[in-house]
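See structure below.
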Amino acid sequence: MTETKTKATVKITGAEAIIHCLLAEDVDLVYGYPGGAIMPVYDEFYKFQDKLTHILTRHEQGATHAAQGYARVSGRVGVAIATSGPGATNLVTGLADAQIDSTPMVCITGQVPRHLLGSDAFQETDIIGISTPVTKWNYQITKASEIPEIMAKAFYIAKSGRPGPVLVDITKNAQFEEFEFSYKKCKGVRSYIPTPKPNMGSIEAAAELINNAKKPFIVWGQGVILGQAEEALKAVIEKAGVPAAWTIMGESAIPTSHHLNVGMVGMHGNYGPNMLTNECDVLIAIGMRFDDRVTGKLDEYATQAKVIHFEIDPAEINKNVTADVAVLGNSKETLELILPLLNENKHEDWHDEFKKMHEIEYETVIKNDIHPTKDKLTMGEVIEEINLASKNKAVIVTDVGQHQMIACRYAKFEQSKSNITSGGLGTMGFALPAAIGAKQGAMDREVVAIIGDGGYQMTIQELGVIFQHQIPVKIVVLNNDHLGMVRQWQELFFDKRYASTVMVNPDFVKIAEGYHIESKRVSERKDLKGTIQDMIASDKPYFLEVKVEKEDNVFPMIPSGAAVSDIRLK
Amino acid sequence: MEKQWFTISVYSENNVGLLNRISGIFLKRHINIESLNVSKSEIDEVSKFTIVVYTTEKWVHNIVGQIEKQIEVIKAFYHTDDETIYQESALFKIASGLLFDERQIQNIIKDSNSQIVTVSRDFFVLAKSGRRGEIDEMHDQLKPFGIMQFVRSGRISVSKEEMQISAMLKEFQP
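Residue numbers (this note's numbering), protein chains in the order written: chain A, 168 to 737; chain B, 9 to 182.
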């Protein structure tokens, strides 16, 4: 907390008030891009640069993804700021991404002065209307006196309960106006219950189902990470002996090496967890929302099982999959409440089924992915070398596509909040700026961005930020000269009609060199290990392009609309 | 699951952008709002939305969940027609001459329990409150004589069950 918090009676401008609000919320880093309607605030950034760092991204979308990366590794609220009009509309993709992936973020936009609202003024756009469907909350401030209360509310709403993005639009006159500033943190909003109170009756009912289950199966999601329930989940699965799988957003909550961690569910998840979803007798979903990429065909998803749903957001209950028992509340709280009610169990035969499935997957898919015998490099072996060089300790930031699925399948984690990816929205271009934020949110950790050649070119300009601020992220582009995932679908489902998926790429190494970032290209296996070791050992930004097999496919795969048990191994 | 009529009641803070947020929830799911009414409620400074939709219970459950999740929404409910007392209101503007030339119109006014709101030299206005069917019936009866203007309001409704909004508001207090 800063001493500025309660400095009343002195009149300050709205723009300066915004800085004091940010400082009062312990914000010391914001990402953004200036412009006409937000200039008074930028003038204050200049004056307060010793307390508040502003990172100039090269595009406002980059600011949102950087703020998201920062939020996801640190658990704090990410902040992005932009001007009105195009500055504001460029935030929309990041807002939508943060909304669907429940990332706490506050976006501040400048707006034309109040007297020009509705006049189609220069750079006027209705960002409140535009951002409404992709924000948890938004508000337009038109007078300075509203700033403290609204900013406090914005931070409270962004981070409480199920987190999400909030947008605050501030007209330029409100930035100039002077008023008596005082700040009080928001402790509640009368119409908003962030976290439902746990109901012991449903917890007891859930415990009874788990205790009587022969084949219980846990699928956890990001709710475990957001609820800081990692230890509570570990205690539950260890005591009850329940095999547990993760959705892409839940990855890293439990170490990869944990004997009860059976892998990923979903379209490109592991064979066992997908197949056995349709054999378990009790399915325990924790902090996950039954996305279609997880469930496949809903009518054939775990219909044999009783479903227990631990969830903070009541709107998720029975949205896609009907729960026999719904346990509302913060996941840490509810898991700690159920733990003493659970019987100790081992379920060894049931575990063996997962092991058998894993062996099948290893022989048909995994072995060839991470220890290939063919000449061309695979994405999987690159991930494996990164695991080895970083000793499974890196934060892995991925973009969207084949490399993302491969990275999430093969990256190994020991620590939570280590897998940063665009899960729900599938935003290509996410990784490079998100890696910047991730590094700045966890400076003591190794951050490796793994990106495809397609997504990389969507936000490649953020190399400028990495260069200017010497942010030591490691960038690995897995280049197959294709939009690989779309190409894979074209191969499998569109008779190999490769419409607009072949990329004629520039010299990525030269581009990185243009930004004075140390750069390497690897095309042969003999160079891979050493180069990745050098990259990880470097304490500077580093760019590595790996030329991989052009037409590899990601398997296993549940074809779109098929049942989880129709998962294909090839 | 069968489609049926549902009345959604939303108690909320009085907020400029909320209508946009709520209508977006319907838009995203391609569910048509058959009728919408916004008014004050029994509680000071709390607004009430009454929304009528024709859909399945699964969808109305989903929608109400999404509505209730909005920050400024205090509580949202849904009810079937059997569970509510509901009405709509309509105004009919008709040429004054008809009142004297067409005796049948006076019978329609009497039989339909409608009120004459105003009479001027050129036109008179009838007001009718009731179920949609009753209003439609009156409309059909008057139509052959010529209706200069017609307008019908959205449904307003109260639930038979108690709505403990005041108690909820107390619980919200931080």
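We treat Cβ as the ideally placed atom computed from N, Cα and C, and that holds for glycine.
- Query: Can you tell which of 209(A), 215(A), 201(A), 214(A) has the C-alpha that lies nearest to the C-alpha of residue 257(A)?
  - Reply: 201(A)
- Query: Cβ of residue 524(A) within 8 Å of Cβ of residue 577(A)?
  - Reply: no
- Taking any Cβ of chain B, which residues in the region 333 to 367 of chain A have a Cβ under 8 Å from it, in chain order? 354, 355, 356, 357, 358, 359, 360
- Message: Please list the terminal residues of the continuous beta strand (DSSP E) segment that includes residue 446(A).
- Response: Note, residue 446(A): premise wrong, no beta strand (DSSP E); not H, not E.
- Task: For residue 93(B), count neighbouring C-beta atoms within 10 Å of its own C-beta (all shown protein chains included) and say buried if the count is 16 or more, exposed if not.
- Result: exposed
- Query: Taking residue 131(B) as the reference, which of 164(B), 150(B), 112(B), 102(B) has the closest Cα?
  - Reply: 102(B)
- Task: Ignoring anything shorter than 4 residues or poking outside the region 206 to 293 of chain A, list the alpha helix (DSSP H) runs there in chain order.
- Result: 206 to 214, 227 to 241, 253 to 256, 259 to 267
- Item | Segment contact, 8 Å Cβ cut-off, at least three pairs: the region 412 to 422 of chain A with the region 350 to 365 of chain A | no
- Is there a Cβ from chain B that is less than 8 Å from the Cβ of residue 497(A)? no
- Item | Other residues of its chain near residue 168(A): CB distance less than 6 Å, five sequence neighbours each side excluded | The pLDDT assigned to residue 168(A) is 40, lower than 50, so where the model puts this residue is not dependable; a value taken from the coordinates is nonetheless given after this. Nothing listed; no residue qualifies.
- Query: Which ranges does the alpha helix (DSSP H) cover as unbroken runs of at least 4 residues, wholly within the region 485 to 555 of chain A, from first to last along the chain?
  - Reply: 498 to 505, 515 to 528, 534 to 537
- Message: Please tell me whether residue 458(A) has its Cβ less than 8 Å away from any Cβ of chain B.
- Response: no
- Task: Give a yes or no on whether the C-beta atoms belonging to residue 597(A) and residue 589(A) are separated by under 8 Å.
- Result: yes
- residue 74(B): contacting residues in chain A (beta-carbon distance under 7 Å): 482
- Query: Are the C-beta of residue 170(B) and some C-beta of chain A separated by less than 8 Å?
  - Reply: no
- Could you tell me the boundaries of the beta strand (DSSP E) in which residue 682(A) lies? Element bounds for residue 682(A): n/a, residue is neither H nor E.
- Query: Just curious, the alpha helix (DSSP H) that residue 343(A) is in, first and last residue?
  - Reply: 339 to 343
- Item | Bridge-paired residues (DSSP) for residue 636(A) | Answer by DSSP bridge pairing: none, since residue 636(A) is not bridged.
- Task: Determine, using beta carbons only, whether residue 655(A) and residue 569(A) come nearer to each other than 8 Å.
- Result: yes
- Contact between the region 111 to 130 of chain B and the region 66 to 86 of chain B (3+ Cβ pairs under 8 Å): no
- Message: I need the straight-line Cα distance from residue 242(A) to residue 705(A), nearest angstrom please.
- Response: 27 Å
- Below 9 Å between beta carbons is the criterion; list the residues of the region 94 to 125 of chain B that meet it against any residue of chain A, in chain order. none
- Rounded distance between the beta-carbons of residue 58(B) and residue 163(B), thought under 8 Å: 6 Å
- Show which residues of chain B have a CB atom less than 7 Å away from the CB atom of residue 299(A). 25, 28, 29, 32
- Query: Does DSSP classify residue 45(B) as helix, strand or coil?
  - Reply: strand
- Item | Same chain only: Cβ atoms within 6 Å of residue 447(A), ignoring 5 sequence neighbours per side | 382, 384, 472
- Task: Determine, using beta carbons only, whether residue 42(B) and residue 169(B) come nearer to each other than 8 Å.
- Result: no
- Query: From residue 176(B) to residue 481(A), what distance separates their C-alpha atoms?
  - Reply: 16 Å
- Query: For residue 62(B), does the count of other Cβ atoms within 10 angstroms reach 16, so buried, or fall short, so exposed?
  - Reply: exposed
- DSSP three-state call for residue 132(B): helix, strand or coil? strand
- Task: Kindly indicate if chain A contains any beta-carbon less than 8 Å away from that of residue 68(B).
- Result: no
- Check whether the Cβ of residue 20(B) lies closer than 8 Å to any Cβ atom in chain A. yes
- Message: Strictly by DSSP, which residues pair up with residue 187(A)?
- Response: Partner(s): none; residue 187(A) has no beta bridge.
- Do residue 81(B) and residue 18(B) have their C-beta atoms within less than 8 Å of each other? yes
- Query: Using the beta-carbon count (16 or more within 10 Å), is residue 56(B) buried or exposed?
  - Reply: buried
- Spatial neighbours of residue 140(B) in its chain, beta-carbon cut-off 7 Å, leaving aside the 5 residues before and after: 96
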